[in-house]
Structures are given as C-alpha cells and as structure tokens.
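Enquirer:
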Amino acid sequence: MNYKIVIPARMDSTRLPGKPLKLIAGKPMIWHVYQRALETGVGRDNIIIATDNKTIFNIASEFGAQAVMTSVHHSSGTDRCTEVAEILAWNEKQIVVNLQGDEPLVPAQHIELVASTLFNSTLAGMATLGCPIKNQTELDDPNCVKLLSDHSDKAIIFTRSPMSSHSTAHKLDQQASNDEFTTPWKRHIGMYAYHVGTLKNLKLLPSTHIEQLERLEQLKALWHGIHIQVANIQQAPGHGVDTPEDLNRVRAVLEMAV
906 MNYKIVIPAR
916 MDSTRLPGKP
926 LKLIAGKPMI
936 WHVYQRALET
946 GVGRDNIIIA
956 TDNKTIFNIA
966 SEFGAQAVMT
976 SVHHSSGTDR
986 CTEVAEILAW
996 NEKQIVVNLQ
1006 GDEPLVPAQH
1016 IELVASTLFN
1026 STLAGMATLG
1036 CPIKNQTELD
1046 DPNCVKLLSD
1056 HSDKAIIFTR
1066 SPMSSHSTAH
1076 KLDQQASNDE
1086 FTTPWKRHIG
1096 MYAYHVGTLK
1106 NLKLLPSTHI
1116 EQLERLEQLK
1126 ALWHGIHIQV
1136 ANIQQAPGHG
1146 VDTPEDLNRV
1156 RAVLEMAV
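Plus 905 on top of the position in the sequence shown (first one is 1) and you've got the numbering used here.
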C-alpha cells in the first residue's frame, strides 16, 4: 500500500502562537510530529510538511524533511493538503493522510490504520478514527467531538453537542443491569485519509450551514454524500497541543522518554 503523509503547520494559532516551533525535549514540535510519520516506514519521500511560513519551511528542511510552501489563505489543514496534492501532481487515486502538526504523541499505528482503512474500502472517499467514550462527562463535553457510525462503520454524523438526553435514558438501563458505561457514540479522533480525487472534489463543493454551525469541516463531506469510513481504536492517542497547558503535558511525556 502506497500513501503520502502531509503535515500541515502554521504559526498563527490563536491560543498558542508559534505552536509548531515550540520546543519539546530540545526539538521543535514539528520535528516530533515528523518522527511519528517516519515511524510508519513510508519513507521521507512520502512525507511532506505543508506550511505558509518561511521559518517553519527552513527548519523542516534543515532536519531533512520535504517541505512545501502553501497559501496563507487556507482555512483548514484539508485545504493545505489539497494544494500540496496539486503542486506535486499526485494522481486521483493517491491516498493522503492529513497528520495534524500539533499531534506529537500520535502512534504510527494510527496513521497506518487510517490509510489502510481507506485503501481497503471500495466505497469510501475518506477514512477517519473513532474510539470508545469512557464516561458521561466525556459524552457531554462539547470539546469532545462525537460520531455515530452504522453497522458497516460508515460515519452517519459528527457533533460537538452534549448527549444528555440519550445518556440519561441509557443510565437508567445501566442502573438496572449494573453494566459498565456504554454508548453507541464514539469519540472522534481528528485524523483523516483521503483520495486526492476527494480532496479536489471538496475544494469545489460549497460549505454548508451544519458545517459552520458545528465548526466541523468533515460535515461538509457528509452533507455532500462523501462516504467516510471509520476505523475503531481502543484508546485515544496522547494529548494534542492546543494550549500552553497541553504543551506542558506533552513536554512532561516526551522529556521522560528522552
């Protein structure tokens, strides 16, 4: 199976400006994400750091990564992946994994899984990951993106909304049966694999009200009928980095590993 990994990286994070270059165990965060990509074994020629910032471009090039300069006008990592696919003239069937540049703890196995899930599906244009929701707090947390999939693990819906109405009824069933917490909802893990043809199609499609309301770009794909296949993992990867507090948690983990 041949696939590409694109790591979108930008400096203008609202909550943590300059995020890709924040040092973790003496190395910039983007270096750590690149190492996770290398651990898949796809090879340096198939891993691209996509950025709109010359400093990130230069630092990535210095540590041996292939870097591509992209537009400053992109609103999502998906858009940046699309531009890379166009610049490098990848064919329509090429599989591309969007590995977010703020996920230095993601296991290589998760990257491989999302790519192989798309490769093995004859109907899907995209693939993503989901894992069990452990408790009521997580189910009701608007920062936890939830997903439902059907019997064949095709995504039906993604939402940030609390699921109290569902879980209240379910809690009564649990109290009667003394079961552990269970729910059909899964926690969405924001990693995607796409065919290049899907990326180009998404670029041409109009945005949707539900996508804007929920602030979830994958809802655009669902709304327009693109099949998203979900691969199930048992546990979420370690912390991504959105805030200074997240950065400190990740530093603690990776500095212990050095």
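Even glycine gets a Cβ: it sits at the ideal position worked out from N, Cα and C.
(1) Can you name the residues that DSSP bridges to Arg-1092?
(2) On the criterion of 16 or more Cβ atoms from any shown chain inside 10 Å, does Gly-982 qualify as buried, or is it exposed?
(3) Quick one: measure Cβ to Cβ for Gly-1006 and Ala-914, integer angstroms, because I've assumed they're closer than 8 Å.
(4) Could you give the DSSP three-state label for Val-1155: helix, strand or coil?
(5) Cutting at 6 Å between CB atoms, please list the residues of its own chain near Trp-995, excluding the five before and the five after it.
(6) Could you tell me the alpha carbon to alpha carbon distance between Asp-989 and Ala-1098, rounded to whole angstroms?
(7) How long is the line joining the alpha carbons of Thr-1103 and His-1114, rounded to whole angstroms?
(8) Count the other CB atoms within 10 Å of the CB of Glu-1165; is the residue buried (16 or more) or exposed (fewer)?
(9) Going by other Cβ atoms of all chains shown within 10 Å of its Cβ, with 16 needed for buried, is Ser-1134 buried or exposed?
(10) Does DSSP put Phe-962 in a helix, a strand or coil?
Expert: Short version:
(1) Cys-1036, Lys-1051
(2) buried
(3) 4 Å
(4) helix
(5) Closer than 6 Å at the Cβ level, and outside the excluded window around Trp-995, lie Val-1101.
(6) Reading off the sequence, residue 989 comes out as Val, not Asp. Cα to Cα, Val-989 sits roughly 14 Å from Ala-1098.
(7) 20 Å
(8) Nothing about residue 1165 can be read from this structure; the chain reaches only from 906 to 1163.
(9) What sits at residue 1134 in the sequence shown is Gln, not Ser. It counts as buried.
(10) Phe-962 falls in the helix class under three-state DSSP.
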